Amino acid sequence: MRTVDFAIGIGGAAGQGIATPGNILAHIFARRGLHLNAYNAYQSLIRGGHTFLTIRASDGPVHSMGDRIDLLIPLNQDTMDRHLRLLGPGACVLFDEGSIELGDVAEGVQVSPLPMKELSKGKKLAANTVSIAAALQMLGVEFQAIEDALTRIFARKGEEVVAQNVEIARNGYDYAAEHFGPFHFVVPKGDKHLAVWTGNEATAMGGIAAGVNFYAAYPMSPSTGVLMYMASHARDLGIMVRQVEDEIGVMNMIIGAAHTGCRAMTATSGGGLALMTEALGMSGMIETPIVCVDVQRGGPATGLPTKTEQGDLWQMLGAGQGDYPKIIVAPTDQLDLFTTMPELFNLTDKYQCPGLVLSDLLIGEGTASVDPADINFQTEIDRGEMIFPNGDCDNPYGGYNDSTYLRYKNTPSGISPRAVPGVPGHIYVASTDEHDEDSTLISDVDTNPKIRVMMVEKRARKMLAVLDDLEAPKLEGAENAEVTLVSWGSTRGVILEAIEQLAEEGITANQLNIKWIVPFHADVVTELLAQCKKVIITEINYSGQFARYLRSETGFTADGFIRKYDGEPFMPHHITQAVKDQLAGKETLSVPVHEISV
Amino acid sequence: MRTVDFAIGIGGAAGQGIATPGNILAHIFARRGLHLNAYNAYQSLIRGGHTFLTIRASDGPVHSMGDRIDLLIPLNQDTMDRHLRLLGPGACVLFDEGSIELGDVAEGVQVSPLPMKELSKGKKLAANTVSIAAALQMLGVEFQAIEDALTRIFARKGEEVVAQNVEIARNGYDYAAEHFGPFHFVVPKGDKHLAVWTGNEATAMGGIAAGVNFYAAYPMSPSTGVLMYMASHARDLGIMVRQVEDEIGVMNMIIGAAHTGCRAMTATSGGGLALMTEALGMSGMIETPIVCVDVQRGGPATGLPTKTEQGDLWQMLGAGQGDYPKIIVAPTDQLDLFTTMPELFNLTDKYQCPGLVLSDLLIGEGTASVDPADINFQTEIDRGEMIFPNGDCDNPYGGYNDSTYLRYKNTPSGISPRAVPGVPGHIYVASTDEHDEDSTLISDVDTNPKIRVMMVEKRARKMLAVLDDLEAPKLEGAENAEVTLVSWGSTRGVILEAIEQLAEEGITANQLNIKWIVPFHADVVTELLAQCKKVIITEINYSGQFARYLRSETGFTADGFIRKYDGEPFMPHHITQAVKDQLAGKETLSVPVHEISV
Amino acid sequence: MTTAAPTLPLSAKKPEKDSYKGKVHPDWCPGCGDFSVLAALQKALIELELQPHQVMTISGIGCSSNLPGFINTYGMHTLHGRSLAVASGAALGNHELKIIVTGGDGDGFGIGGNHFMHTMRRNLDLTYLVMDNQIYGLTTGQTSPTSPVGMKTKSTPHGNVENPINPIPLALVGGATYIARGYSGKQKHLVELIKGAIMHKGFSFVDIFSPCVTYNKDNTYKWFAPRVKMLEDENHDTTDFYGSMEKGYKWGDEIPIGLFWKNDKLASLDQLEPVLEEGGPLAYRKLGVSKEQSDKLIAELM
Amino acid sequence: MTTAAPTLPLSAKKPEKDSYKGKVHPDWCPGCGDFSVLAALQKALIELELQPHQVMTISGIGCSSNLPGFINTYGMHTLHGRSLAVASGAALGNHELKIIVTGGDGDGFGIGGNHFMHTMRRNLDLTYLVMDNQIYGLTTGQTSPTSPVGMKTKSTPHGNVENPINPIPLALVGGATYIARGYSGKQKHLVELIKGAIMHKGFSFVDIFSPCVTYNKDNTYKWFAPRVKMLEDENHDTTDFYGSMEKGYKWGDEIPIGLFWKNDKLASLDQLEPVLEEGGPLAYRKLGVSKEQSDKLIAELM
Ligand SMILES: Cc1ncc(C[n+]2csc(CCOP(=O)(O)OP(=O)(O)O)c2C)c(N)n1
Ligand SMILES: Cc1ncc(C[n+]2csc(CCOP(=O)(O)OP(=O)(O)O)c2C)c(N)n1
Ligand code: SF4
Ligand code: SF4
Ligand SMILES: [Mg+2]
Ligand SMILES: [Mg+2]
């Protein structure tokens with residue numbers, strides 16, 4: 004349980020530099036061992052608009068941005084106007100009294116105006132520093148922590164900048180100490196420093212842990228963070244990183260690299276994935292594994308480039324013409340993204356098929372704390388049945404030679420030993436046309452229905468075995484709960500918190516999160532759901548993509564649905580209220596309204 | 004019922020000129036009022052390989068290539084070797100005794116060797132002419148019909164060629180009269196000339212009937228026939244036809260043309276569709292209707308370019324990121340392709356969304372007879388709520404002007420009046436970013452969750468109304484049948500014949516064909532299926548794409564499945580046997596084996 | 003069927019000073035080069051006395067591609083890289099519209115490169131304005147096909163190692179029939195280039211240096227200002243293919259801007275399509291075929 | 003991690019006459035120009051004494067793209083238009099392989115045009131052989147980006163109205179560093195061009211007139227034979243950019259074939275990537291990061 008749980012909201016226009024104070028706060032909290040979850044609501048433009056960062060911190064795990072703002076720092080009037088009305092008793096608003104007017108404020112809200120011009124010495128961007136220093140003072144954080152953070156962050160800009168910032172921060176800190184009452188609690192100090200990362204960083208690091216040595220991408224929000232992480236670490240880690248002319252080129256390029264033996268990866272968003280689908284079929288057909296991460300955003304088409312959605316499930320399910328084996332996984336948070344990557348790479352190497360990851364803006368760009376001990380890079384790298392020119396085994400070539408090697412050998416498992424180009428004696432031509440075991444085309448001279456059937460079944464057979472390698476979904480939380488909340492991907496976190504809220508109101512709820520989407524644990528899930536009293540499926544899209552997919556695999560029809568498709572993520576109370584409404588029989592489809600125009 | 008029902012099989016290598024005799028036979032039969040169904044099994048190469056054309060003719064409607072060959076004309080040894088063993092009593096094999104050796108022949112098969120060199124005067128391609136003339140003699144067709152056909156077909160090549168062909172045909176005809184016994188029946192002579200077309204021609208003609216004036220495509224088997232038909236009729240009919248650099252260009256180009264007010268269309272196959280999915284989302288988002296036909300072939304990837312499959316259903320369902328309205332329809336045969344096109348165009352104009360057609364190689368390249376009276380070009384063209392600079396109404400601009408016109412007005416139906424560019428006073432910018440009613444972007448300056456929800460729901464609402472405009476599926480055939488065969492697309496025809504065969508064996512079966520795939524008549528279908536005793540779903544793909552989709556929409560799980568994924572279509576006995584096996588409790592998934600390597 | 007359709011309706015009213023002012027104020031960063039391109043385009047349209055409803059702006063996705071939202075013309079804000087493909091359809095669907103395609107270097111030469119090549123060779127009657135800032139702006143600063151070697155961006159933190167595209171020689175070889183280079187910092191000059199491009203019948207391409215003040219710290223106004231030299235000042239022969247190419251390649255202390263090439267002898271695609279010879283815009287024509295026509299189609303099947 | 007990986011294993015054995023003979027006999031139409039290209043490639047590889055397992059042929063889809071199935075090398079028969087993108091990945095994944103990319107004019111200049119442009123500017127170390135028959139062969143005869151104006155094809159029954167691409171000038175501007183034109187009818191000459199292309203470090207492009215005897219009745223052997231003139235016979239300077247371009251444009255009674263352009267001064271992409279400096283092919287290296295490296299990554303988050 005959490006003894007402290009608070010959220011700071013900082014809002015302004017794009018270009019007002021919200022990233023830095025966010026960064027400072029996150030690191031200060033994490034260094035004290037506080038758990039974090041931060042979400043930045045922003046628009047698709049470089050300057051202007053409205054950006055609102057919510058940093059939530061607690062001494063217990065936090066899985067979402069939460070329901071409220073405890074400390075609001077509006078950097079412009081717009082933010083004040085949008086958010087002030089949502090502050091409740093005990094909350095505080097901290098603002099520049101020189102440039103921003105206070106609005107109607109609820110009773111019990113602490114109003115803390117700052118004479119910003121004076122404190123910041125007229126430096127525009129320094130307003131942020133003043134504000135957070137003041138905030139941290141009120142939260143009982145010692146000045147040294149702030150000084151350390153500023154030093155670290157501005158070190159690159161030289162000592163003078165550091166000194167200036169520290170001085171300005173001091174002004175804010177001292178002013179708050181003198182003029183404002185302290186917050187109604189003090190930020191505790193744990194003994195374990197936590198690390199802070201975004202999901203895109205975690206995805207890239209997971210790829211690195213998996214041994215990725217070829218990364219190609221085309222920039223696309225909200226996936227670009229993965230490219231940027233890879234690009235900036237490429238040289239140190241010996242990774243080939245390429246920005247390609249488009250996503251078609253990306254997918255084909257990583258398939259080429261993977262075919263030679265690299266571990267190859269990309270990340271994109273829905274529009275990029277749309278362009279990759281034809282080549283994904285190639286990966287399936289020639290049995291050359293790659294991994295592609297889709298950091299989903301609001302669709303359709305260009306849609307909402309900087310807003311979240313779980314709208315690409317059916318696109319991924321239907322990616323490319325025809326049937327071919329693929330593995331689809333939907334990690335639930337930043338750490339899950341990290342640990343899933345090496346596991347997925349091992350699976351795709353073992354089963355020689357494409358691996359697809361459903362991430363989204365909420366977890367991809369969202370920030371979370373993580374125990375550094377959980378970031379385990381030393382996982383096993385298992386390439387499956389590959390034949391390299393070297394190899395530690397006695398027979399470096401797997402016992403084959405030109406006349407006995409069948410690249411697409413029809414084995415009982417469907418898995419055929421895979422030689423990489425350059426191995427003497429294993430020559431073959433991988434072909435996207437249907438082919439025989441020895442890789443010759445059958446679509447040309449001699450289309451043979453029997454060979455066709457054999458090869459279709461060989462490829463498909465691989466998927467039967469995968470299921471055994473995947474952890475099956477399980478019910479988490481109270482047994483015999485009144486309600487079971489089904490989730491997939493990033494929605495898992497907020498449900499955990501809604502379940503806590505429901506428990507407080509005397510409603511028992513548990514959760515069934517489904518992580519491995521394809522192949523699907525149909526039997527397990529059917530059995531689990533049969534035990535549940537009332538099943539509600541939650542997801543962030545209009546059409547209930549997961550609800551429909553679940554039914555396609557199991558025939559199961561849920562009792563209720565909670566969906567959101569306004570670009571913003573669920574807050575815990577959205578789920579809690581919807582569950583209560585549905586238990587009361589008011590509705591079976593709830594579409595919570597996002598209270599604030601972000 | 005049919006009193007005559009026979010099939011002629013002609014086989015040889017690609018380049019041996021099977022198309023022409025096929026053409027001649029088809030037209031002679033159709034001119035006598037016989038119903039036709041022809042299927043050409045061929046390979047993806049220009050010369051060589053094995054090509055086998057089955058022309059089935061009857062005095063009653065025929066819906067598939069049938070189960071047997073009555074008259075085999077092997078033009079090379081390979082064909083003789085593959086097909087002879089499948090001939091049964093009463094059948095006949097007609098071949099060049101000089102170049103082809105007879106194999107083991109079943110009892111009761113009439114062997115008719117021709118001294119080809121002599122009869123054809125040593126002309127290689129003339130062998131075909133000799134053979135079909137001999138065949139037609141045995142079938143009791145008068146020589147004049149052959150002469151007429153040859154004259155028509157070779158007219159373009161000049162009188163001399165015609166005369167030569169007629170003379171050679173005469174040789175074959177006379178030789179057969181003298182040396183071979185007549186067939187055990189005579190081809191009847193109906194009084195109504197039927198027309199002959201392929202599904203690709205029917206698709207193109209359907210587009211023309213719909214008023215298509217912009218057609219763009221990139222060649223791709225088996226859809227290229229549509230492009231070729233359009234290209235050769237473009238000038239006469241005032242249609243802009245363009246071959247584009249790729250399928251991405253195609254889809255974007257037709258959207259551009261459609262946006263200005265054209266009726267715009269394309270046809271492709273699965274790989275091309277994969278490249279079009281991103282732009283399909285644009286069509287959905289900016290509400291500019293287009294129609295795209297997917298003539299499906301064997302997948303995945305390049306797959307089987309010249310073989311049939313119903314493997315693109317999930318690709319189409321999931322085409323592009325996010326949720327957007329689209330209409331998907333699966334016509335069942337050539338005439339259905341034709342009549343569906345104008346209907347679909349009217350729907351897409353009315354609901355301002357993309358329309359997608361699932362055709363396939365079997366019906367697209369397959370030949371069928373049709374009553375010319377059924378080819379109705381004079382269907383109504385209804386453009387829905389469009390605003391043109393001209394217009395026959397009193398107020399040419401729909402009563403709007405710059406300040407009142409909202410391109411994306413949030414109406415009760417979701418449909419907003421659509422002005423085309425060039426109309427004074429209706430200026431707007433169609434945008435693939437989410438936008439407000441007046442078409443301004445909301446993803447930029449001011450992402451507003453409420454507007455987002457409004458627009459998502461506005462677009463989605465259109466799909467609710469479409470359902471009422473579509474004919475609902477119905478059970479056809481015997482009531483209370485023992486078995487209900489569910490089909491979609493091209494599989495409908497062969498099931499009709501299997502049902503006849505089952506009836507002969509005392510098994511009552513009926514059929515539920517589902518033509519309109521999206522939106523889906525979930526209530527009607529659920530109700531119908533609930534009445535059925537045993538439901539078996541038939542389709543041409545490995546994974547049961549339709550069975551899974553049906554379940555996603557209804558929760559209904561069928562009792563059995565018949566699937567084929569070897570590249571070849573079902574023959575009626577495949578279905579009949581599988582139904583019997585399933586009724587006997589032998590299996591719930593039947594995968595009929597194609598008896599012949601085609 | 004080609005029964006006569008009306009052509010684009012016009013009124014006698016000339017456009018006024020703010021006829022092309024859009025509903026939305028541009029949300030570009032203060033100082034972004036694209037402001038000047040927008041203003042230049044608006045001025046060009048006014049000076050050419052075109053009416054807003056006759057004009058259509060079509061873009062892809064990018065900062066620069068937001069332009070259609072900021073100008074009062076019909077418009078389409080399409081997909082990243084697809085503006086020219088969409089515009090080609092629109093130009094043939096209604097060949098009386100004046101279609102201006104706008105976008106960025108990434109949109110046009112990166113993901114959209116193939117449409118660029120093929121639209122040029124087809125000589126479609128379009129005006130293509132590329133706001134070339136040598137960077138991916140909207141995605142916050144990655145390398146672009148026109149980023150110079152060595153440039154440090156978010157995707158090439160150690161410096162770009164790929165040789166850039168030079169759009170002028172590319173357009174020459176590609177078959178564009180009006181090829182110019184403009185600069186945001188020389189708006190008057192740019193207005194003239196754009197006017198020429200719009201009036202030219204055929205594919206007009208104007209590559210415009212339009213600095214990204216936020217993400218490209220190399221190719222700034224300060225960098226360009228002393229370098230750009232107007233071709234108009236040096237008596238450049240716009241019918242000299244190789245001469246134009248040589249000037250197109252010039253880079254360094256002197257970078258020529260202005261009209262490089264103009265070829266009036268090649269017909270544009272709409273002029274070559276008999277279907278458009280008469281009957282007005284395809285988009286406005288009556289749809290469907292006559293009984294006579296359909297009878298003929300059916301007869302072919304008999 | 004870049005612990006040393008083995009490089010491509012070689013044996014002392016030289017390739018023999020039929021080392022490159024494929025399992026499958028080509029199914030091209032008798033007389034198709036592609037036979038000669040295949041034979042020329044096989045000869046070139048033998049003469050260069052390369053071993054089959056060191057070589058990889060990568061193609062798209064088309065008649066010409068069936069080539070990898072007919073030669074004994076590692077190969078990939080990819081998707082229509084994507085050969086160069088796949089090959090770029092393969093070339094960087096294992097930069098010790100000799101990668102030959104083969105395909106058609108539709109595959110390479112039509113749907114694959116953008117990869118062509120970008121692969122050239124990156125100067126990847128690939129040899130690209132295009133069997134240019136000015137038609138879409140495998141799809142039975144539609145117009146291609148190199149089909150001349152007026153050509154009647156199944157998609158242009160009244161004659162093509164679009165201006166074709168000329169691959170030689172395009173490659174010059176695109177940045178290819180070895181640019182040649184060959185002809186199926188001159189096999190010996192072609193062998194030399196291909197050998198040069200393979201030995202060249204950087205992007206080599208050979209556009210090969212390879213008649214489609216079935217669907218292109220205009221550009222036949224008979225048409226080409228009297229027209230092709232070898233550049234080697236006229237002392238062509240392969241370092242003269244504009245001279246090469248002018249010759250590339252020559253068309254009509256005389257059509258130059260041979261090596262147009264060679265630039266040895268530009269590093270190829272693999273040479274510019276520090277990651278490949280040492281450690282052998284990326285594909286063969288040991289995967290994963292050291293404890294030290296991962297600690298550093300974690301420290302960055304603290
Ligand atoms: C298919 C697809 N891939 C990627 C993106 C992301 N994206 C949006 S704009 C852009 C590049 C913008 O660069 P440029 O065209 O040069 O325009 P600028 O912003 O510099 O004006 C990219 C990669 C997208 N919208 N769609
Ligand atoms: C995405 C996609 N679109 C279309 C096709 C169909 N297709 C196969 S080969 C080909 C063109 C072949 O022309 P070219 O590349 O010139 O090769 P050629 O056959 O002439 O040697 C086309 C359009 C395809 N396979 N994939
Ligand atoms: S990021 Fe660059 S290109 Fe985009 S608006 Fe800002 S200055 Fe202009
Ligand atoms: S169709 Fe043309 S390109 Fe294809 S194999 Fe035959 S001759 Fe060669
Ligand atoms: Mg740019
Ligand atoms: Mg070709």
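Protein chains in written order, with the numbering used here: chain H, 4 to 601; chain A, 4 to 601; chain S, 3 to 304; chain Y, 3 to 304. Note that beta-carbon positions come from the ideal geometry of N, C-alpha and C, so glycine has one too. Just so it is clear, the structure is predicted and the values come from calculations on it, not from any experiment.
Query	Result
Which one of Ser270(S), Phe226(S), Gln44(S) has the shortest CA to CA distance from Glu256(S)?	Phe226(S)
List, in order along the chain, the chain A residues whose C-beta lies closer than 7 Å to that of Ser90(Y)?	Here the premise fails: no neighbours, minimum Cβ distance about 18 Å.
Do three or more CB pairs link the segment 231 to 242 of chain S to the segment 290 to 298 of chain S at distances below 8 Å?	no
Can you tell which of Ala138(A), Gly314(A), Tyr327(A) has the C-alpha that lies nearest to the C-alpha of Ala333(A)?	Gly314(A)
List, from N- to C-terminal side, the beta strand (DSSP E) runs of 3 residues or more that fit wholly inside the segment 189 to 274 of chain H.	198 to 201, 217 to 220, 243 to 246, 267 to 271
For a contact defined as C-beta to C-beta under 7 Å, what are the partners of Asp249(H) on chain S?	Gly83, Gly112, Ile113
Assign Lys293(Y) to buried or exposed, taking buried as 16 or more other Cβ atoms, counted over all protein chains shown, within 10 Å of its Cβ.	exposed
Buried or exposed for Tyr2(Y), please, with buried defined as at least 16 other CB atoms from any protein chain shown within 10 angstroms of its CB.	Residue numbering for chain Y in the displayed model covers 3 to 304; residue 2(Y) lies beyond these limits and cannot be assessed.
State yes or no: is the beta carbon of Met119(Y) nearer than 8 Å to at least one beta carbon in chain S?	yes
With 8 Å as the threshold, decide whether the Cβ of Leu75(A) is near any Cβ in chain S.	no
Residues in the same chain with beta-carbon distance under 6 Å from Leu467(A), minus the five sequence neighbours each way, listed in chain order, please.	none
If you scan the segment 532 to 597 of chain H from start to end, which runs of the beta strand (DSSP E) of 3 or more residues do you find wholly inside it?	538 to 542, 563 to 566
What ranges does the alpha helix (DSSP H) occupy inside the segment 439 to 515 of chain A, keeping only unbroken runs of at least 4 residues that lie completely in it?	452 to 472, 494 to 507
Could you tell me whether any Cβ in chain Y is nearer than 8 Å to the Cβ of Tyr221(A)?	yes
Tell me, please, whether the CB atom of Ile167(S) is closer than 8 Å to any CB atom in chain Y?	yes
Hey, quick one: how far does the alpha helix (DSSP H) through Gly305(Y) stretch, first residue to last?	Chain Y is shown only over 3 to 304; residue 305(Y) falls outside these bounds and no answer can be derived.
Applying a beta-carbon distance threshold of less than 7 Å, which residues of chain H neighbour Glu275(Y)?	Met243
Do you know how far the Cα of Lys288(Y) is from the Cα of Gly394(H)?	With a pLDDT of 48 at Gly394(H), under the threshold of 50, the modelled position of this residue cannot be trusted, and the question is left open.
What does a CB cutoff of less than 7 Å around Met457(A) pick up in its chain, not counting 5 residues either side in sequence?	Asn413
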